């Protein structure tokens with residue numbers, strides 16, 4: 019089940035709808051909620067993808083997992099649009115959420131971990147909330163695509179990936195320390 023919360027034109031009024039989707043696979047759920055979470059892209063070639071889009075109106079989507087109260091009782095994962103988005107409201111949205119988070123995960127492609135401006139702006143903003151009454155107690159900089167390696171490196175993939183991860187970790191740490 020997802021709960022969709024949308025702000026209406028009058029800033030004081032909200033519309034909240036609960037929509038139930040029963041799926042066996044995560045991919046199937048992802049397909050069903052796409053119109054609430056993202057806009058069409060040119061890479062969307064399936065004709066059924068081009069349906070009505072609600073994402074500009076949606077403020078929050080809550081996904082509930084049945085029979086998991088004890089496991090997920092105090093866990094809220096928020097996937098924010100990040101910054102640098104051409105939509106101004108989405109570009110600013112993450113700032114209002116970050117101050118209330120106890121932990122922040124900044125996710126970036128490993129090949130852009132030290133150069134991606136948006137990730138570093140989020141990191142700087144989050145660090146500034148550590149002291150003055152912010153909830154954040156932990157920041158993790160997570161690199162994706164760490165297993166994307168060249169064909170000639172596949173024979174010793176594990177060593178290659180570990181070396182690449184350590185090198186990137188050092189570069190990120192050094193860049194962070196220089197910003198202090």
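Residue numbers (our numbering): 19 to 198. Heads up, the beta-carbon is just placed ideally off N, CA and C, and yes, glycines get one too. What you are looking at is a predicted structure, and each value in this text was computed from that prediction instead of being measured.
Item	Value
Opposite residue 93 in the DSSP bridges: which residues?	In the DSSP output, where bridge partners are listed per residue, residue 93 has none listed.
Which whole-angstrom value is the C-beta distance of residue 122 and residue 79, which I expect to be below 8 Å?	The pair is not a contact, with the Cβ atoms about 19 Å apart (cut-off 8 Å).
Taking DSSP as the reference, what is the three-state secondary structure of residue 165?	coil
Can you tell me the Cβ-Cβ gap for residue 124 and residue 137, rounded? I've got them flagged as a contact below 8 Å.	5 Å
Taking Cβ to Cβ, would you say residue 154 is nearer than 8 Å to residue 119?	yes
If we count the other Cβ atoms within 10 Å of its Cβ and call it buried at 16 or more, is residue 39 buried or exposed?	exposed
Start and end of the beta strand (DSSP E) containing residue 124?	121-127
On the DSSP letters alone, give me the boundaries of the alpha helix (DSSP H) that residue 188 sits inside.	175-197
Buried or exposed: residue 144, going by 16 or more other Cβ atoms within 10 Å of its Cβ?	buried
Taking all protein chains shown into account, do 16 or more other C-beta atoms lie within 10 angstroms of the C-beta of residue 67, making it buried, or fewer, making it exposed?	Reliability fails at residue 67, whose pLDDT of 47 lies under 50, so the model's placement of it is uncertain and the value that follows must be treated cautiously. Exposed.
Which first and last residues belong to the beta strand (DSSP E) in which residue 35 is found?	32-37
I'd like to know whether the C-beta atoms of residue 115 and residue 93 end up nearer to each other than 8 Å.	no
Can you give me the C-alpha to C-alpha distance between residue 60 and residue 53, rounded to a whole angstrom?	Model confidence at residue 60 stands at a pLDDT of 49, short of 50, so the residue's coordinates are unreliable; what they give is reported in the following sentence. Those two C-alpha atoms are separated by around 15 Å.
Apart from the five residues on each side of it in sequence, which residues of its chain come closer than 8 Å, Cβ to Cβ, to residue 47?	39, 41 and 81
Using CA coordinates, which residue listed in 130, 140, 89 and 197 is at the minimum distance from residue 113?	140
Assuming residue 131 and residue 186 form a contact by the criterion Cβ under 8 Å, report the distance between their Cβ atoms to the nearest whole angstrom.	5 Å
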